[in-house]
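Encoded as structure tokens, the structure appears first; notes follow it.
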Amino acid sequence: MTAVEQARTTPAAPVPYTAETEDPGVFRFPAPEDPPPGAARMLAMALYGTALGLTGVGVGLYAVVAVFGGAPGWYLPALGVLTLLSVLLTAAAFLAIHERNLPWWLLIAAAPPMAAAVAVALSY
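Just so we're aligned: 80 in UniProt numbering is position 80 of the sequence shown, and the numbers increase by one with no gaps anywhere.
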């Protein structure tokens, strides 16, 4: 047997997640044993996320016009940070959909940064 043949080993089989092995945390994709979210809950979260996303697209389009019109140097970074914060909170809400109230709090927290982005976009 050569060293090359000895190095060829099969990887260990992955250990499936069970409640006894480890705590998966709050922000995770739902496990197979998690109950599915209700249709009304999913629809409401999707509509809210869509509203935030379309608002972000509007801010982005307005920012493109403003940049070609000679916007100051702080304008795009400020809009980028505010919009990114809103997107991160919205994504976290969907990753925590298996929790009871946390997704709603995260979606509510995603609105002020987007409102601030709209205010910054319209202020210039």
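A virtual CB, placed ideally from N, CA and C, is assigned to each residue, including glycine.
Query raised in the report: For PRO103 versus ALA96, is the C-beta distance shorter than 7 Å?
Result: Against the sequence shown, residue 103 aligns to sequence position 103. Against the sequence shown, residue 96 aligns to sequence position 96. Closer than 7 Å, so yes.
Query raised in the report: If you follow the alpha helix (DSSP H) that VAL67 is part of, which residue opens it and which one closes it?
Result: In the sequence shown, residue 67 corresponds to position 67, counting from 1. Per DSSP, VAL67 belongs to the alpha helix (DSSP H) from 39-68.
Requested in this report: Specify the secondary structure class of PHE94 as computed by DSSP and reduced to three states.
Outcome: Within the sequence shown, the letter at position 94 stands for residue 94. Helix.
Query raised in the report: Does DSSP put VAL26 in a helix, a strand or coil?
Result: Position 26 of the sequence shown, counting from 1, holds the residue named residue 26. Correct three-state label for VAL26: coil.
Report task. Work out the CA separation of THR50 and PRO44 for me, nearest whole Å. Result -> Reading the sequence shown from its first residue, position 44 is the one you call residue 44. Reading the sequence shown from its first residue, position 50 is the one you call residue 50. Note on residue identity: the sequence assigns Ala, not Pro, to residue 44. Distance between the alpha carbons of ALA44 and THR50 is about 10 Å.
Report task. Decide yes or no for the touch test of the region 36-43 against the region 75-85: beta carbon pairs closer than 8 Å, at least 3 of them. Result -> no
Query raised in the report: When you compare each of HIS98, GLY58 and MET114 to GLU33 by their alpha carbons, which one comes out closest?
Result: The residue labelled residue 33 in the question sits at position 33 within the sequence shown. GLU33 has its Cα closest to that of HIS98, out of HIS98, GLY58 and MET114.
Query raised in the report: Would ALA117 pass as a contact of LEU82 if the rule is Cβ separation under 7 Å?
Result: The residue you call residue 117 lines up with position 117 of the sequence shown. The residue you call residue 82 lines up with position 82 of the sequence shown. In contact: ALA117 and LEU82 (Cβ atoms closer than 7 Å).
Query raised in the report: For the ligand ZN, any of its heavy atoms closer than 6 Å to the Cβ of ALA109?
Result: Absent from the structure shown: the ligand ZN. Ligands present: none.
Query raised in the report: Cα-Cα, which of VAL57, GLY60, SER123 and PHE94 is closest to VAL26?
Result: For the purposes of this step, residue 26 is taken as the residue at position 26 of the sequence shown. Ranking VAL57, GLY60, SER123 and PHE94 by Cα distance to VAL26 puts PHE94 first.
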